[in-house]
Each structure stands twice: as C-alpha cells, then as structure tokens.
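Using our numbering, read the sequence shown as starting at 985 and increasing by one per residue. For reference, the structure discussed in these notes is given below.
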Amino acid sequence: MSLQTTFKRVPIGELKVSSVRDAVIVTQHPWFMSLLKEHHLYFFNAELGAITPMQYLLFYETTKDENGVVNENPRHIAHWGKVKEIIYDVRPVDIIHIPELHSMTNELKYWNEIKTWKMNHIVLLEEIGEFKTPLPLEDSYQARYLVNKTTTFPKLRDANTIDKLYKEE
C-alpha cells in the first residue's frame, strides 16, 4: 500500500509577476513568531480556502499572552519575510516528503502541535528581515481585519503606520 500525497509545490519565482501580490499582512501569536524565526515557515489554514501567491509576508504581532510569553512588538509589524515557495494542501503525514520541514519535526514544541492539524498551506521563506522602525497600528479596532490584507511596495515604503498600508488615500 502506498501513501498518496496531496500537496502541490509552487515556487514564487516561476510565476508571472502579474499573478503575485506584492505583500500580505498576516497575524502572529508568540508561538507562531517563534516558529517563524527558527524555521522560516508560515502556516495558512487550508480550511479557510486557497491563498493567492505573494512576494512578501508582513507579520503583525498580536497582544496574545501564551503562558507568560508575549510578542516583542505587540500591535506592530516589525518583521517581514521574502516568500520562496508556497506548498498547498499539506497534511501532517505529507511532511516526511518535504525536506525543508524535517528540522521542524525534530522540535517537539512545534511538532506535537502541528501533527494534530488537518490541512495547511505552508509558506517557505528564503529570508526574514526586521524593519528599523516597527509600524504601529493606529486603529486597534482594525486588528481583526488585518489578516490577508494586500499592500503594495510604494505604500510600504511610504507608510509610518499599518493603517496606511491598505487604506486608499
């Protein structure tokens, strides 16, 4: 009996520029921020639908307290990630077939949680960077609407708050 894999790898560099968004805002609780920094990975829940490819992810750090662990920059975007590849429809049993994910499975603080999940889209990041000045969120009510907001490089260059990344001027 052979195990069927369902995932699909999509390297960003092989896509037409017109089909790739510039940058997308995603939220990060402390556990995910730690996983991001250590393994250069971001997980999208596949049950919420497909994601359109992007060149960069912008990580909004939440205020969530996870057993005394909090983000360094709550209510700010302090980090960005350059997307290398998106792997769609990954189940925990598929991870053995994805070499870039093997080191993560050796860390039980991550693997014990991830192996209980259903299906995800996993973003492999080739680089993670930090903004000199983290971008604050002015209107904290908007935090619930930040996920998967798209922005452009010109807006990112000119913004001094998160709110200016996606609002029309």
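We put the beta carbon where it would ideally sit given N, CA and C, even for glycine.
Just checking my contact of residue i with residue j at CB under 8 Å: how many whole Å lie between their CB atoms?
i, j, result
"K1048", "L1109", "No, K1048 and L1109 are not in contact; Cβ-Cβ is about 22 Å, not under 8 Å."
"I1061", "F1115", "7 Å"
On a Cα-Cα basis, can you pick out the residue from the options that is closest to residue i?
i, options, result
"T990", "K1066, E1031 and V1077", "V1077"
"S1003", "E1031, H1023, G1033 and M1038", "M1038"
"F1137", "A1030, K992, E998 and D1006", "D1006"
"E1084", "L1025, A1127 and V1008", "L1025"
"L1041", "G1033, L999, Q1126 and L1020", "L1020"
"S1124", "T1046, E1031, G997 and L999", "T1046"
"H1063", "P1120, K1099 and N1096", "P1120"
Indicate whether residue i and residue j have their beta-carbon atoms separated by less than 8 Å.
i, j, result
"I1112", "G1065", "yes"
"E1050", "P995", "no"
"V1074", "I1106", "yes"
"M1017", "N1055", "yes"
"T1011", "L1149", "no"
"V1008", "K1139", "no"
"N1029", "P1118", "no"
Could you please give me the residues that DSSP links to residue i through a beta bridge?
i, result
"V1010", "F1043"
"V1064", "As written in the sequence, residue 1064 is Trp, which differs from the Val given in the question. Bridge partners of W1064: L1042 and G1113."
"N1029", "N1104"
"K1133", "I1009"
"K1151", "Its beta-bridge partners do not exist; DSSP assigns none."
"V1074", "N1104"
"P1037", "BP columns for P1037 are empty, so no partner."
"K992", "Y1072"
"V1158", "No answer is possible for residue 1158: it lies beyond the span of the chain, which begins at 985 and ends at 1153."
**OP:** Output the residue ranges of the beta strand (DSSP E) runs that lie fully inside the stretch 1089-1122 and measure 3 residues or longer, sorted by chain position.
**Re:** Listed in chain order, they are 1104-1120.
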